[in-house]
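These notes are about the structure you will find just below.
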Amino acid sequence: MIDPASLVHGLIGGLMIGVAAAAMLLGAGRIAGVSGLAARAAGISDAGAPRLIAAAFVIGLPLGAWLVSAVLGRIETRFPSSILTLAVGGFIVGIGTRLGSGCTSGHGVCGVSRLSPRSLAATAIFMAAGITTVTAMRWLGVSW
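The sequence shown begins at 1 in full-length UniProt numbering and counts up by one.
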């Protein structure tokens with residue numbers, strides 16, 4: 001049975017992501033693609049939003065999560081995998097975002113909402129790959 005509070009939290013989270021993406025597009029004239037914003041904030045890329053705006057957005061992501069956790073009274077830090085596994089996974093995801101010309105937020109949230117053909121294709125492919133990976137891991141009995 002699905003907990004109704006979880007549904008409400010998911011709805012609120014989705015609305016917050018949509019509002020943040022819309023604010024970024026309307027306020028800065030840029031889509032909220034997190035991989036591009038992170039590259040810009042780190043000084044790796046010269047393209048995209050001004051560096052200060054990119055840095056503020058990237059810093060706001062964990063701060064926003066912390067704020068919601070604090071308001072709900074459930075601040076919890078845990079790492080289900082080793083830091084090395086997380087770092088390697090993050091590196092691989094970074095390569096994928098460069099090869100795919102964007103990340104899930106850029107394609108899945110911003111691109112799909114604008115009916116971008118490239119984003120629709122990218123989102124369909126990464127969703128299919130994710131579903132296939134989870135299904136294969138469950139079938140093989142592999143867990144985190």
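We treat Cβ as the ideally placed atom computed from N, Cα and C, and that holds for glycine.
Inset, instruction - May I ask you to report which of helix, strand or coil DSSP gives residue 103? - result: coil
Inset, instruction - Would you kindly check if the distance between the Cβ of residue 32 and the Cβ of residue 112 is under 8 Å? - result: no
Inset, instruction - Note down, in chain order, each residue of its chain lying with its Cβ closer than 6 Å to the Cβ of residue 41, except the 5 sequence neighbours on either side. - result: 54, 55 and 58
Inset, instruction - Taking 8 Å as the cut-off, decide whether the C-beta atoms of residue 30 and residue 48 are in contact. - result: yes
Inset, instruction - Starting from residue 133, follow the alpha helix (DSSP H) in both directions and report where the run begins and ends. - result: 117-140
Legend entry - Run of the alpha helix (DSSP H) containing residue 41, from where it starts to where it stops: 34-41
Legend entry - Spatial distance of residue 126 from residue 24 (CA atoms): 24 Å
Legend entry - From 79, 80 and 65, residue whose alpha carbon lies closest to that of residue 73: 65
Legend entry - For residue 139 and residue 2, the rounded distance between their alpha carbons: 24 Å
Inset, instruction - In the DSSP assignment, find the alpha helix (DSSP H) that holds residue 18 and state where it starts and stops. - result: 4-28
Legend entry - Cβ pair residue 35, residue 103 closer than 8 Å: yes
Legend entry - 6 Å CB neighbourhood of residue 122 in its chain, flanking five on each side removed: 100 and 107
Inset, instruction - Provide the residue span of the alpha helix (DSSP H) that contains residue 62, from first to last. - result: 51-72
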